[in-house]
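This report concerns only the one structure given below.
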Amino acid sequence: MITPGQQDLQPLSLALAAFRRTWAERDELLRLGAIPFLPLYLLFRGLEKTQAAMYAEMQKGADVDPNVLVDAILQMTLIGLGLIVVVGFFSVNWIRQMTMGREAVPGLGLNIGTRHFHFSLAMLALVALAFGASLILSIVFTLAGMAQLALIVSMLVMVVGYLILLTRLSPAWIGIAIDARMPFSLAWQRTKGQGGRLIGALMLTALPAFAAQSVLASIFVSFGLLEAAPLAFSVLSSFISLAYMAVQLNLFVLAYPRFVSEVV
């Protein structure tokens, strides 16, 4: 049970608390991550291959085949939709485990309900908003004769916009998972003045995950394992991503009491 004021919203203390909570619940992470891990792994592998094929085609310059690029973009879109579904499934289960205990998510978490659908749909809307804003800016910069800046600015806006929406609407994400709906407008109002702290905490939790991925890649490259055992690398990389996802969600769970007036 979480009570208001239980967790300080200082970025460093919040990030450390999220890591401690995840480690304390590592057995539950293995339990609830067992089902989504395989599709997550397969989707990441598909994304890697599609991105590599797209990059190789773009390297051809004037000889690039637009049909190949269109196919790659379509495949990446479908993979992205698949990732949203898998992430939504895991997120709802993990949030319920962290807030209400194992009784709320028995077994392997296969008791799928409308909350999983609503969570995934909200995530899709979040990504669409961030992508739409970046696309509009990209078009504006291109029409203004600043095509070289268009890609950089659009990517920056997409990442920053995504982080702002993700953190400022975080009470609504928790509310969907625990069947205590909070309108997105109210979530935005409740988190006013705290967005920067939440993003700071989010960045702090990202550093160990980035370091772990970097060390893993360095070890595999140094010992020639990347070519000899690419599947092993992808499996370990996917597990790090899943664990980091759990840390992120715990961060929002721990911050949630600051934005509600009642005990959850």
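Read in order, the letters of the sequence shown correspond to residues 1 to 264 in the working numbering.
The C-beta atom is built at its ideal place from N, Cα and C for all residues, glycine as well.
Bear in mind that the values here come from a model prediction, so they are computed numbers and not experimental data.
Query: From 234, 76, 73, 122, pick the residue whose C-alpha is nearest to that of residue 175; which is it?; Result: 122
Query: Would you tell me roughly how many angstroms separate the C-alpha atoms of residue 66 and residue 161, rounded to the nearest one?; Result: 29 Å
Query: Rounded to the nearest angstrom, what separates residue 233 and residue 26 at their Cα positions?; Result: 21 Å
Query: Within 10 angstroms of its Cβ, does residue 158 collect 16 or more other Cβ (buried), or is it exposed?; Result: buried
Query: Could you give the distance in angstroms between the alpha-carbon of residue 142 and the alpha-carbon of residue 47?; Result: 28 Å
Query: CA-CA distance, residue 86 and residue 209?; Result: 20 Å
Query: Taking the alpha-carbon positions, what's the residue 220 to residue 45 distance?; Result: 17 Å
Query: Output the boundary residues of the alpha helix (DSSP H) element that contains residue 75.; Result: 66 to 100
Query: Just the C-alpha distance for residue 203 and residue 42, rounded to the nearest angstrom, thanks.; Result: 26 Å
Query: Can you tell me where the alpha helix (DSSP H) holding residue 182 begins and where it ends?; Result: Segment: none, residue 182 is in no alpha helix (DSSP H) and carries neither H nor E.
Query: Out of curiosity, what's the CA-to-CA distance linking residue 50 and residue 212?; Result: 24 Å
Query: Count the other CB atoms, across all protein chains shown, that sit within 10 Å of the CB of residue 266; report buried if there are 16 or more and exposed otherwise.; Result: The structure shown does not extend to residue 266, since the chain spans only 1 to 264, so no value can be given for it.
Query: Cα-Cα, which of 125, 94, 129 is closest to residue 112?; Result: 94
Query: Please state the DSSP three-state secondary structure of residue 263.; Result: Low per-residue confidence applies at residue 263: pLDDT is 38, beneath 50, and the placement is therefore not dependable enough to give any value.
Query: Specify the secondary structure class of residue 110 as computed by DSSP and reduced to three states.; Result: coil
Query: Is there contact between the stretch 176 to 196 and the stretch 142 to 156, where contact requires at least three CB pairs shorter than 8 Å?; Result: no
Query: So residue 170 and residue 198 are in contact, right, with Cβ under 8 Å, and what is the actual spacing, rounded?; Result: 7 Å
Query: Three Cβ pairs or more, each shorter than 8 Å: is that satisfied between the stretch 6 to 22 and the stretch 244 to 253?; Result: yes
Query: According to DSSP, is residue 169 helix, strand or coil?; Result: coil
Query: Pull up the distance between the alpha-carbon of residue 31 and that of residue 124, whole angstroms please.; Result: 26 Å
Query: Can you tell which of 9, 53, 88 has the C-alpha that lies nearest to the C-alpha of residue 37?; Result: 88
Query: Determine the closest residue to residue 76 out of 59, 92, 55, with distance taken between C-alpha atoms.; Result: 55
Query: Around the C-beta of residue 134, are 16 or more other C-beta atoms found within 10 angstroms, so that it is buried, or is it exposed?; Result: buried
Query: Are residue 119 and residue 33 close, meaning C-beta to C-beta below 8 Å?; Result: no
Query: How about residue 254 and residue 14: do their beta carbons lie closer than 8 Å?; Result: yes
Query: Going by beta carbon distance, what residues of the same chain come within less than 8 Å of residue 191, once the five residues before and after it are set aside?; Result: 167, 168, 169, 170, 171, 198, 259
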